[in-house]
Each structure stands twice: as structure tokens, then as C-alpha cells.
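Peer 1:
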Amino acid sequence: MFGVRTLRTVGSAVCRRGAALLWKPTKNQSRTQSAAAGQKVDIGGIYPPIATPFTQKEDVDYQKLDENLQKYAKIPFKGLVVQGSNGEYPYLTDEERVEVVRRVRLALPTDKLVMAGSGCESTKATVVMTERMSRAGADLVLVVTPCFYKGKMDNRALVHHFTQVADSSPVPVVLYSVPANTGLDLPVDAVVRLAQHPNILGLKDSGGDITRIALIVHKTKPQDFQVLAGSAGFLMAAYSVGCVGGVCALANVLGREVCELEQLCVSGRWEEARALQQRLIEPNTAVTRKFGVPALKQAMEWFGYHGGACRSPLQPLSEAESQQLRLDFSTNGWL
């Protein structure tokens, strides 16, 4: 390990005063309490949603995790997302989820943010997990939409859920919409309402609908709401409509290249950005929608990281899938 975080730094950030004025606190919480929890943290930049290495017995391999972290610390990431979809969050026990976050925080330099997944199906469980992630050292939490009863997850239910979580969270909350996994897109109206909460500072949108993303950026501008692209496949387009960064699975493999794309976009070098973006689309699709986490872990092995096997019931790639994955990288000049 190469750095131990001994002091929480998030508390030094300024409160989102404008948002606090717009938000109506619940009867058990004063506006002052809400505002005190909501801290303005700049989340702009690139985050890999890190994979979880396992041993042959499917236990978390903390040594391999630490070796990956040492390499990621040398890449100009804003931080890491821990216990997201690519970390196989649904397949880990609560204790494993928290312990992975704790280990990451201890190993990671203090200037890197740790954004921890804490979303559960019930509001009560999410509140508890959010508190545990905060105690483990998370700077922020990433809260996915509950989806088991997706037919009942209308605006009223979702706004209530995220409000209760944000009201009680010791750290700022980032909303997470990933319809490919949940079958549920967090409605724009709900996002706009939730953006007024002083402890909800942003959204990770993995849906890829640029029109929708642009509308969210536009409608939440008064709250200084920060939107992150949920994929490297549309990162350039997301920056062009006002996103501030991205949580990109491909950054686990091509981290420097995804960060380079970010810098090209931020500096307005759009021709160079376009050329790089085009070379990232097929590899990104391969490790996300086409083949998923098993492909991401396979590609990590090719590029010098520890990926390894997934936890059951996820299965390794077939030989044909592995060959296609390699082709998707090699034809774009990455292998």
C-alpha cells in the first residue's frame, strides 16, 4: 500500500447553499441539518468502476486488488467507483462490500475520491449500507435505482426513496441510472426534483440517450448539478452537452486513453477527440453491452491487470467470444 488516509477531507467542502434554499426538509430534519450534510464536491473527471478480483475459491483476492490499485494510482483518474455493476456488487455479501471499500480507501492516495455503491432494494437497507460505506471511508455514495418492483417505481416512489437516503447520508449522494441492468430509467422529472436536494450533487447516467442527458444538464443548471457519463462509448458526446466526467468500465483497461479523451474534450480539441472516441467505441461495447463483466475481466488480464474469473453464476467467455473480444481491441489498434 502506498498511502493511508488518516483524515476525512470532504468536510472542508462548501455547502450547496442555493440548493438548500430550494429543498423542503422533512419534518424530522431541519434545513440546516440538510445543508450541513450536503457538501459541494467537484466530481468532474474520469472514474473506473473497478472490478473485484477473486481467488479460485471465489473469495475476494485483496492482494490482487491492491496490486490493481497501485497501478490505477498512477493514472490521472479523479477517483474510483467501488462496488458498482462492474465490481459484481450484487454477488458480494454486505461484509465483503464494506471491506472492499475500506481496503480501497486505505490503499488509495488521499487526493483520489472513493465513490462507493450503496444502493439496495429497500430504502431502509440503502440507508444502512450508505452509513456503513461512509464509515469505511467513502467520500461519496453512488445509489442505483431500486428495480425489483420496477412497475411501482414511479416518480413519487423514486423521489421518496432517494430523498430518505440523502436526508440520512453522512456523505454526498450521486444518483445512478443504469437501465440496461435495472430495466428502469430514472425519469428526468425525478432527477430535476432531486437535484434540488442539498445532499444530492450529481447523476451517473449509463443509458446513453444524449438528448435526455442534455436535457438533465440544462434543467439542473441552477443547482450546479453534476452529470457523469456512464460509458466511454458516448463520452465525447456527453462532454459536448455539459457532462463533467465519466464512470467508464473501459477505464479499467485503457485508463490513460480514456483520461486523454477527457482532456481533449475539456480543452476543445474536438477533431483529436473524435478520432480517439471512434477507436474506443468497439472495445467499450465489447466489455459492456456485448459480453459484460467477464469480457472486462478478460481484457484486464491482457493489459496487465488482475481480472480473473467472475463469481458464479457469471461464466467465463467462450472461445469464440474471447476471439471476438480480442478482435474488437486489435482492429482499433489496442492489441
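Numbering (UniProt numbering), first residue to last: 1 to 335. Beta carbons: idealized from backbone N, C-alpha and C, even for Gly. Nothing here was measured: the structure is a model prediction, and the numbers come from that model.
(1) Kindly provide the ranges of any beta strand (DSSP E) runs that are 3 or more residues long and lie completely inside the segment 58–94, ordered along the chain.
(2) Going by DSSP, which residues form a beta bridge with Pro49?
(3) Contact defined as beta carbons within less than 8 Å: I believe Leu296 pairs with Ala51. What is the distance between those atoms, to the nearest angstrom?
(4) To the nearest angstrom, how far is the alpha carbon of Gln56 from that of Gly308?
(5) Could you pull out every residue in the same chain whose Cβ sits closer than 7 Å to the Cβ of Arg97, ignoring the five residues on either side in sequence?
(6) How about Val104 and Leu69: are their beta carbons less than 8 Å apart?
(7) With distances taken Cα to Cα, identify the nearest neighbour of Ala214 among Val174, Asn199, Lys290, Val244.
(8) Grab me the residues of Leu280's own chain with a C-beta within less than 8 Å of its C-beta, minus the 5 sequence neighbours each way, in chain order.
(9) If you scan the segment 146–223 from start to end, which runs of the beta strand (DSSP E) of 3 or more residues do you find wholly inside it?
(10) Taking DSSP as the reference, what is the three-state secondary structure of Gly246?
(11) Count the other CB atoms within 10 Å of the CB of Thr182; is the residue buried (16 or more) or exposed (fewer)?
(12) Would His218 be called buried (16 or more neighbouring beta carbons within 10 Å of its own) or exposed?
(13) Would you mind sorting Leu264 into buried or exposed? The rule is 16 or more other CB atoms within 10 Å of its CB.
(14) Under a three-way DSSP split, which group does Val41 fall into?
(15) Val165 and Val191 - do their beta-carbons sit closer together than 8 Å?
(16) Could you work out which residue in Val144, Ala229, Ala299, Glu301 is closest to Thr123 when comparing CA atoms only?
(17) Tell me which same chain residues have a C-beta within less than 7 Å of the C-beta of Trp302, skipping the five on either side of it?
(18) Can you list, in chain order, the residues of its chain with a C-beta nearer than 6 Å to that of Pro170? Leave out the 5 residues immediately preceding and following it.
(19) Under DSSP, the alpha helix (DSSP H) around Ala136 begins and ends at which residues?
(20) In the DSSP assignment, what are the bridge partners of residue 397?
(21) Considering only the beta carbon of each residue, do Val173 and Asp139 sit closer than 8 Å?
(22) On the DSSP letters alone, give me the boundaries of the beta strand (DSSP E) that Ala229 sits inside.
(23) Buried or exposed for Gly268, going by 16 or more other Cβ atoms inside 10 Å?
(24) Short check: CB of Leu175 to CB of Leu203, under 8 Å?
(25) Please confirm whether Pro146 and His161 have their CB atoms less than 8 Å apart.
(26) Between the alpha carbons of Cys120 and Asp111, how many angstroms are there, rounded?
(27) Check whether the Cβ atoms of Ala48 and Cys248 lie closer than 8 Å to each other.
(28) Just verifying my parser: in three-state terms, what is the DSSP assignment at Gly117?
(29) Roughly how many whole angstroms lie between the Cα atoms of Asp42 and Leu201?
(30) Along the chain, where does the beta strand (DSSP E) that runs through Val293 open and close?
(31) With a 10 Å radius around its C-beta and 16 neighbouring C-beta atoms as the bar for buried, classify Ala275 as buried or exposed.
(32) Pick from Leu184, Leu142, Met129, Arg326: whose alpha carbon is nearest that of Phe148?
(33) Excluding the 5 residues flanking Val188 on each side, which residues of the same chain have their C-beta closer than 8 Å to its C-beta?
(34) Cutting at 7 Å between CB atoms, please list the residues of its own chain near Pro76, excluding the five before and the five after it.
(35) Which stretch, first to last residue, makes up the beta strand (DSSP E) that contains Val144?
Peer 2: If we stick to the structure as given:
(1) Correct list: 79–82.
(2) Val81
(3) 6 Å
(4) A direct Cα-Cα distance of roughly 9 Å separates Gln56 from Gly308.
(5) The residues Gln83, Tyr89, in chain order, have a CB closer than 7 Å to that of Arg97 in the same chain once the five nearest residues on each side in sequence are set aside.
(6) yes
(7) Val244
(8) The residues Ala232, Gly233, Leu235, Leu250, Leu254, Glu257, Val258, Leu261, Asn332, in chain order, have a CB closer than 8 Å to that of Leu280 in the same chain once the five nearest residues on each side in sequence are set aside.
(9) 173–177, 200–205
(10) strand
(11) Here Thr182 is buried, its C-beta having at least 16 other C-beta atoms within 10 Å.
(12) By the Cβ-count criterion, His218 is exposed, with fewer than 16 other Cβ atoms from all chains shown falling within 10 Å of its own Cβ.
(13) buried
(14) coil
(15) no
(16) Val144
(17) Leu335
(18) Ser134
(19) 123–136
(20) Only positions 1 to 335 of the chain appear in the structure, and residue 397 is not among them; the question remains open.
(21) no
(22) 226–229
(23) exposed
(24) yes
(25) Taking 8 Å as the Cβ cut-off, Pro146 and His161 qualify as a contacting pair.
(26) Rounded to the nearest angstrom, the gap between the Cα atoms of Cys120 and Asp111 is 28 Å.
(27) At residue 48 the sequence reads Pro, which differs from the Ala that was named. Yes, they are a contact pair.
(28) strand
(29) 9 Å
(30) Unbroken run through Val293 is the alpha helix (DSSP H), 293–302; no beta strand (DSSP E).
(31) exposed
(32) That would be Leu184, whose Cα lies nearest to the Cα of Phe148.
(33) So the list reads Arg212, Leu215, Ile216, Lys219, once near-sequence residues are dropped.
(34) Cys259
(35) 140–144
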